[in-house]
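Q:
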Amino acid sequence: MPVLRDDFRLNPTDVVVAAGEPAILECQPPRGHPEPTIYWKKDKVRIDDKDDRVSIRGGKLMISNTRKGDAGMYTCVGTNMVGERDSDPAELTVFERPTFLRRPINQVVLEDEAVEFRCQVQGDPQPTVRWKKDDVDLPRGRFSESRPYKTIPYISKTSTLMSPSWCDQSKETDLFSKDDGLRFYKH
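Position 151 of the sequence shown, counting from 1, maps to 151 under full-length UniProt numbering, and the rest follow consecutively.
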């Protein structure tokens, strides 16, 4: 007699990846007779596995080279002649790695003169920006920020040479611009 139980042996779980990385969601359908086959839905729409980046093998949904548009709610569907059963949904989150839109550039200024470094970054989630000098974070009072750029409008003279100063965007992946710096000269 044909049967399809209600409970999935393995429900898919939430997955978080950076854009460009592979994503794998996995499920095992409920027990049934005949043995259920599987297909996947994204945001309640059946996934077309004709996309070269998407493959379904057994209970595994594999997406290579993920894109922001791949993010969403995924459901595994087990089916046989009795009917269909939906798994619990799992969320795929795709972050974009931090990148520089504008890097700070080297500047030569006279001692005690104001200076402005510009740095603009993008990513998802929006990266935070930290300013460093000699591998040490600059204290908040030493600089100010204005949108869309992160700037250091004034650095008081603390040594004859300050190098390097750089913009560091940090999230899960750090990206540095270490070659840009500020040098003070006495007049």
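Idealized CB from N, CA, C, for every residue including glycine. Nothing here was measured: the structure is a model prediction, and the numbers come from that model.
When the Cβ atoms of the stretch 53-72 are set against those of the stretch 109-119, are three or more pairs found closer than 8 Å?
A: no
Q: Between the stretch 42-58 and the stretch 5-13, can you find at least three pairs of beta-carbon atoms closer than 8 Å?
A: no
Q: Specify the secondary structure class of K68 as computed by DSSP and reduced to three states.
A: helix
Q: Which whole runs of the beta strand (DSSP E) in the stretch 45-112 are 3 residues long or more, in chain order?
A: 54-57, 60-63, 72-80, 83-86, 90-102 and 107-110
Q: At least one CB of chain B closer than 7 Å to the CB of L92: is that the case?
A: No chain B appears in this structure, which consists of one protein chain only.
Q: With three or more beta-carbon pairs closer than 8 Å as the criterion, would you say the stretch 85-92 touches the stretch 17-35?
A: yes
Q: Grouping DSSP H, G and I as helix and E and B as strand, with all else coil, what is L10?
A: strand
Q: Are the CB atoms of E96 and D124 within a distance shorter than 7 Å?
A: yes
Q: Just list the residues that DSSP pairs A23 with in beta bridges.
A: Answer is I63.
Q: Just grab the DSSP bridge partners of D134 for me.
A: According to DSSP, which records beta bridges pairwise, D134 is partnered with nothing at all.
Q: What is the C-beta distance between residue 190 and P22, in whole angstroms, given that I count them as a contact (C-beta under 8 Å)?
A: In this structure the chain extends from 1 to 187, so residue 190 is not present and cannot be described.
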